[in-house]
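Right, one structure below, let's go through it.
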Amino acid sequence: PLILGIESTCDETGAALVRGRELLGDVVATSMDEYARFGGIIPEIASRAHLESFLPTLDAALERAGVTLSDVDAIAVSAGPGLIGSLTVGVSAAKALAASLGKPVYGVNHVIGHIAVDELIDGPVPEHFIGLIVSGGHSSLLDIHDLATDVVELGATLDDAAGEAFDKVGRLLGLPYPGGPHVDRLSQEGDVEAIRFPRGLAAAKDRERHRYDFSFSGLKTAVARYVESLADAGQEVPAADVCAAFSEAVNDSLTAKAVQACKDTGCDTLVIGGGFSANSRLRALAVQRCEEAGITLRLPPLKYCTDNGAQIAALGAAAVRAGVAPSPMDFAPDSGMPLDVPVAR
Ligand code: ATP
Ligand code: MG
Ligand code: FE
Numbered sequence: 004p005l006i007l008g009i010e011s012t013c014d015e016t017g018a019a020l021v022r023g024r025e026l027l028g029d030v031v032a033t034s035m036d037e038y039a040r041f042g043g044i045i046p047e048i049a050s051r052a053h054l055e056s057f058l059p060t061l062d063a064a065l066e067r068a069g070v071t072l073s074d075v076d077a078i079a080v081s082a083g084p085g086l087i088g089s090l091t092v093g094v095s096a097a098k099a100l101a102a103s104l105g106k107p108v109y110g111v112n113h114v115i116g117h118i119a120v121d122e123l124i125d126g127p128v129p130e131h132f133i134g135l136i137v138s139g140g141h142s143s144l145l146d147i148h149d150l151a152t153d154v155v156e157l158g159a160t161l162d163d164a165a166g167e168a169f170d171k172v173g174r175l176l177g178l179p180y181p182g183g184p185h186v187d188r189l190s191q192e193g194d195v196e197a198i199r200f201p202r203g204l205a206a207a208k209d210r211e212r213h214r215y216d217f218s219f220s221g222l223k224t225a226v227a228r229y230v231e232s233l234a235d236a237g238q239e240v241p242a243a244d245v246c247a248a249f250s251e252a253v254n255d256s257l258t259a260k261a262v263q264a265c266k267d268t269g270c271d272t273l274v275i276g277g278g279f280s281a282n283s284r285l286r287a288l289a290v291q292r293c294e295e296a297g298i299t300l301r302l303p304p305l306k307y308c309t310d311n312g313a314q315i316a317a318l319g320a321a322a323v324r325a326g327v328a329p330s331p332m333d334f335a336p337d338s339g340m341p342l343d344v345p346v347a348r
């Protein structure tokens, strides 16, 4: 079956066509450039941008795939989590298309889509594997038996997500929004050993209870204090070293716990997804630690790490394959959609 995937959770409007696990066409428009001068996303502007971009993006994806709307067998759309105004544009459009074409609609979980997209690149996922979601809004470890029917959240960040922490440190150092990629670039020029920042949840009392959880806000505060103390003393801030040491602390926690989760559950495969998986140190450390532990690492190319329609079509295709019932026509977008709900019911 031919699945149309529609993405509109945040500031990217995406449309993609997938048949089985083959990606036929994938187009993304973003309103990210609008937010640099505000230092953060403005939901009202994002919603309006989705309205303006939706039809051109859909048409471009259909053209690239060489298909027409009448060829589409089912429609998948991000039902959440995300900004409610952005979600509403995509969900309304998907329902309108489904009603006019007489085809089923699947309201799928955007975050699980970040993992599902890997099937389009590396083929079918194994029967049981661990997913590490790292993005602007999430840092979670998932125990996955089936992308569309059986996802259990083992742990998550107790405060900031990895990308969010990077963006905050970027702001602290006066780097442009979003700071994540800038902090990543600077970190590659710095000395990891120059400063030692704390790892969250490393205290003995937290080690078992928060075995699969993350915490990055204490680290972010430690970075802020370090930068302030130098500034107060009239000393120059070694920005590259700060970025390198900070990045090391975040990625040490992420990769150590992901490998631990694989060992504990007996999984030999780790799939990483989400915008933060573009991070160079995460990728290097994950490759190294998975190799040491005999774990197969699946890491989508950068293009499929950030938000796109392909991830939504991929999860829609997995739902159709698993025989999951389509979402009822009156399903609502859910800004806080839980990670153990792959398809809205
Ligand atoms: P969610 O998927 O949880 O709803 P989101 O869709 O906003 O969140 P993504 O688009 O998946 O998030 O990821 C964006 C985040 O990734 C931003 O915080 C951005 O700074 C961060 N990011 C992107 N590239 C890098 C990088 N190379 N290093 C660090 N952070 C990065
Ligand atoms: Mg985005
Ligand atoms: Fe995302």
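According to the UniProt record's numbering, the sequence shown is numbered sequentially starting from 4.
Each residue gets a CB set at the ideal place from its N, CA and C atoms; glycine is no exception.
Shortest alpha-carbon distance to residue i belongs to which of the options?
i, options, result
"Asp-194", "Glu-10, Ala-248 and Ala-18", "Ala-248"
"Phe-217", "Leu-178, Phe-169, Asp-162 and His-53", "Asp-162"
"Glu-251", "Pro-129, Ile-298, Val-226 and Glu-55", "Val-226"
"Cys-13", "Leu-7, Gly-88, Leu-58 and Gly-237", "Gly-88"
"Leu-300", "Ala-99, Cys-270, Arg-212 and Gly-326", "Cys-270"
"Pro-184", "Leu-285, Leu-90, Asp-125 and Phe-41", "Leu-285"
"Pro-304", "Arg-324, Ile-298, Cys-293 and Asn-282", "Asn-282"
"Leu-222", "Glu-15, Gly-126, Arg-212 and Ala-205", "Ala-205"
"Pro-345", "Cys-308, Ala-119, Asp-76 and Ser-256", "Ala-119"
"Arg-51", "Thr-91, Leu-26 and Pro-179", "Thr-91"
"Phe-41", "Glu-15, Pro-179, Val-70 and Gly-28", "Pro-179"
"Gly-126", "Leu-144, Glu-47 and Leu-302", "Leu-302"
"His-117", "Asp-343, Ile-275, Ala-289 and Gln-291", "Ile-275"
"Pro-181", "Ser-220, Ile-44, Phe-219 and Thr-160", "Ile-44"
"Thr-160", "Ile-115, Ser-220 and Lys-171", "Ser-220"
"Val-327", "Asp-149, Gly-8 and Glu-231", "Asp-149"
"Lys-171", "Thr-224, Asp-209 and Asp-121", "Thr-224"
"Ala-287", "Pro-331, Asp-187, Glu-231 and Ser-73", "Asp-187"
"Leu-7", "Pro-331, Asp-235, Gly-312 and Met-332", "Gly-312"
Would residue i be called buried (16 or more neighbouring beta carbons within 10 Å of its own) or exposed?
i, result
"residue 1", "The structure shown does not extend to residue 1, since the chain spans only 4 to 348, so no value can be given for it."
"Gln-191", "exposed"
"Ala-68", "buried"
"Ser-56", "buried"
"Phe-132", "buried"
"Ala-237", "Position check: residue 237 holds Gly in this sequence, whereas Ala was assumed. The residue is exposed, with fewer than 16 neighbouring Cβ atoms inside 10 Å."
"Lys-106", "buried"
"Leu-257", "buried"
"Pro-59", "exposed"
"Ala-347", "buried"
"Gly-297", "exposed"
"Asp-121", "buried"
"Ala-49", "buried"
So, are the CB atoms of residue i and residue j less than 9 Å apart?
i, j, result
"Ile-78", "Tyr-109", "yes"
"Ala-164", "Gly-139", "yes"
"residue 369", "Phe-279", "There is no way to answer for residue 369, as the model of the chain reaches only from 4 to 348."
"Val-111", "Gly-277", "no"
"Asp-310", "Gly-17", "yes"
"Ala-151", "Ala-325", "yes"
"Tyr-307", "Ala-264", "no"
"Glu-167", "Ser-81", "no"
"Leu-26", "Leu-100", "no"
"Met-340", "Pro-4", "no"
"His-113", "Gln-314", "yes"
"Arg-202", "Asp-255", "yes"
"Phe-169", "Val-253", "yes"
"Leu-342", "Leu-145", "yes"
"Pro-129", "Thr-272", "yes"
"Val-75", "Gly-28", "no"
Counting along the chain, where does the alpha helix (DSSP H) carrying residue i start and finish?
i, result
"Leu-175", "165-175"
"Arg-24", "Taken as a continuous stretch (DSSP letters only), Arg-24 belongs to no alpha helix (DSSP H), as it is neither H nor E."
"Ala-197", "No alpha helix (DSSP H) contains Ala-197, which DSSP labels as neither H nor E."
"Gly-88", "87-104"
"Ser-280", "Neither: Ser-280 is in no alpha helix (DSSP H) and is coded neither H nor E."
"Ile-124", "121-125"
"Gly-183", "182-190"
"Glu-211", "207-212"
Which residues bound the beta strand (DSSP E) around residue i?
i, result
"Phe-132", "132-137"
"Ile-275", "272-276"
"Val-108", "108-112"
"Leu-300", "299-301"
"Leu-145", "142-149"
"Asp-255", "Run containing Asp-255: none in the beta strand (DSSP E); it sits in the alpha helix (DSSP H), 242-268."
"Val-155", "153-159"
"residue 369", "Here the chain comprises residues numbered 4 to 348, so residue 369 is not present and cannot be evaluated."
"Ile-45", "First-last for Ile-45: undefined, no H or E at that position."
"Gly-237", "It is not in any beta strand (DSSP E) - Gly-237 carries neither H nor E in the DSSP assignment."
"Leu-318", "Counting along the chain, Leu-318 falls outside any beta strand (DSSP E), though it belongs to the alpha helix (DSSP H) covering 312-324."
"Glu-10", "5-10"
Would you check if there are 3 or more beta carbon pairs closer than 8 Å linking the stretch 181-198 to the stretch 242-252? Taking a cut-off of 8 Å for Cβ pairs, the stretch 181-198 and the stretch 242-252 touch, as three or more such pairs fall below it.
For the pair the stretch 19-33 and the stretch 49-66, tell me if three or more CB-CB distances fall below 8 Å. Taking a cut-off of 8 Å for Cβ pairs, the stretch 19-33 and the stretch 49-66 touch, as three or more such pairs fall below it.
Stretch-stretch touch, CB-based, cutoff 8 Å, three pairs: the stretch 10-27 with the stretch 318-328: yes
Kindly confirm or deny that the stretch 148-156 and the stretch 173-183 touch, where touching means at least three C-beta pairs closer than 8 Å. no
For the structure I just gave you, are there three or more beta carbon pairs, one from the stretch 86-105 and one from the stretch 330-343, closer than 8 Å? yes
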